[in-house]
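Structure below.
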């Protein structure tokens, strides 16, 4: 049911637009800026924060906005908002705590940097929408708890594949079926890709090589499927998911799965490489009522027991404004963790690594991410890839070997480690998870 457009139209008529602040000014963020400015009545992009303010100005310029105010203090932000003048700043905390902001969109893909902006926004009683599966897959469960306590919405966004899966799962459940597989479609999977191999593709599309690499090496899809699992109580069949190469239509993929096995697991997240239609998403679901199965067969979904539902595309930034409006106007969450982590994204070596080396970032040269159950991650004290950057290795690690907390020294003073500790303690205290804290894992 589409109601967001009418709700935004009313806000436009009333002269009370939804006021959005965005953190990040990269490829996807500039698309969001253009979409809000030129295609979303009832919404205003009041400010963009980026470590390089010139990139924030460029994102506004991409949308045709050239008269912007550079702000470096809270007072300057307040004056610009009062004057209706768009803001660029290098300090996301200024936007996160500004009175004239209804919702913060975090669109960087950076974990530590993003965490600081999101926590400040929640503490300032701002709704938060993430175009940052990496942050969500690392500490999303505790950020959702903090948002609930503050009385604000914390949500992933529509348009990107996790949000499209969430919409499809909600639709399938809404018509009475039981979703058992939530799937993603990839065109390529090679864990050894790096920014050098992906440089040409990145330049063609105006993207960062590291971001493109995270798509190719499996890190991004691992985060995407982890947050879907955590939102809907799903798991993985094995470390890394199964990830079959499947060159047929997604409808034909139901043959790989057994309903009773899926039910015993509580449902799974997975992906296909090369399936059609790509790059869409799919959900396999079942129904126990023979009367309804008869109708499903009549409507060309087959005889079951698994029925295939799919969305043949994901439109990324085009649909982000609807997520922002859902949060502010309807109090609706596209998707957020439903409790303790079910699936984590752990760190594996992309090449042989040596003691004393410091791990680089997501989509770089040294590591790639793999989905693993939260219980196994805890049992083996495995290092989430969302906290791996900047960690110093204490031993040699062979190519494809997974890295544990015991194998590294953590950088000092990081918020992300504090959030991991808080997340572990919170869910352990309510019986929702047996995860040990990061510092306990290190000392184990």
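Residue numbers (my numbering): 411 to 854. Backbone N, C-alpha and C define an ideal beta-carbon position, used for all residues, glycine too.
- Contact annotation: the segment 767-783 does not touch the segment 663-673, with fewer than three C-beta pairs closer than 8 Å.
- Shown here, residue 499 sits in a strand according to DSSP, grouped into three states.
- The continuous alpha helix (DSSP H) containing residue 832 extends over residues 825-839.
- The straight-line gap separating the alpha-carbon atoms of residue 800 and residue 578 is approximately 37 Å.
- In the three-state scheme derived from DSSP, where H, G and I count as helix and E and B as strand, residue 469 is classed as helix.
- Counting along the chain, residue 454 sits inside the beta strand (DSSP E) bounded by residues 453-459.
- Short of 6 Å from the beta carbon of residue 425, and not among the five residues preceding or following it, lies no beta carbon of its own chain.
- A Cβ-Cβ distance of about 6 Å is found for the pair residue 736 and residue 744, placing them in contact under the 8 Å criterion.
- Around residue 465, the same chain offers 435 as residues with beta carbons nearer than 7 Å, after the five sequence neighbours per side are excluded.
- Residue pairing of residue 429 in beta bridges, as defined by DSSP: 454.
- Judged by DSSP in its simplified three-state form, residue 819 adopts strand.
- The C-beta distance from residue 621 to residue 519 rounds to 6 Å, short enough to fall under 8 Å.
- Residue 707 carries a helical assignment under DSSP once its states are collapsed to helix, strand and coil.
- Across the set 586, 416, 654, 764, the C-alpha of 586 shows the shortest separation from the C-alpha of residue 699.
- Comparing alpha-carbon positions, the option among 643, 607, 763 lying closest to residue 589 turns out to be 643.
- When C-beta atoms of the segment 754-762 are compared with those of the segment 435-445, fewer than three pairs fall below 8 Å, so the two segments do not count as touching.
- Runs of the alpha helix (DSSP H) lying entirely within the segment 637-682, each at least 4 residues long, are 669-675 in chain order.
- Under the three-state reduction of DSSP, residue 537 is assigned to strand.
- Leaving aside the five residues that flank residue 738 on each side, the residues in its chain whose CB is nearer than 7 Å to its CB run, in chain order, 428, 512, 513, 537.
- Exclusion of the five residues before and after residue 819 leaves 802 as the residues of its chain whose Cβ lies within less than 6 Å of its Cβ.
- As computed with DSSP, residue 781 is found in a beta bridge with 755.
- The alpha carbon of residue 632 has as its nearest neighbour, out of 489, 713, 767, 592, the alpha carbon of 592.
- Residue 484 has its alpha-carbon roughly 17 Å from the corresponding atom of residue 455.
- With contacts defined as CB atoms closer than 8 Å, residue 568 and residue 603 fail to qualify as a contacting pair.
- Here residue 551 is buried. Its C-beta has 16 or more other C-beta atoms within 10 Å.
- According to the DSSP assignment, residue 520 belongs to no alpha helix (DSSP H), since it is labelled neither H nor E.
- When rounded, the separation of the alpha-carbon atoms in residue 447 and residue 531 is 22 Å.
- If you draw a 10 Å sphere on the C-beta of residue 421, you find 16 or more other C-beta atoms in it, and that means buried.
- Apart from the 5 residues on each side of it in sequence, residue 722 sits with its Cβ closer than 6 Å to the Cβ of 687, 690 in its chain, given in chain order.
- The C-beta distance from residue 529 to residue 825 rounds to 7 Å, short enough to fall under 8 Å.
- When the Cα atoms are used, residue 540 and residue 806 turn out to be separated by approximately 35 Å.
- Within the model, the alpha-carbon separation for residue 835 versus residue 473 is close to 44 Å.
- Residue 547: not part of any beta strand (DSSP E); member of the alpha helix (DSSP H) spanning 543-560, first to last residue.
- When secondary structure is reduced to three states using DSSP, residue 423 falls in the helix class.
- With respect to residue 683, residue 656 sits close: the two C-beta atoms are nearer than 8 Å.
- CA-to-CA, the gap between residue 423 and residue 625 works out to about 41 Å.
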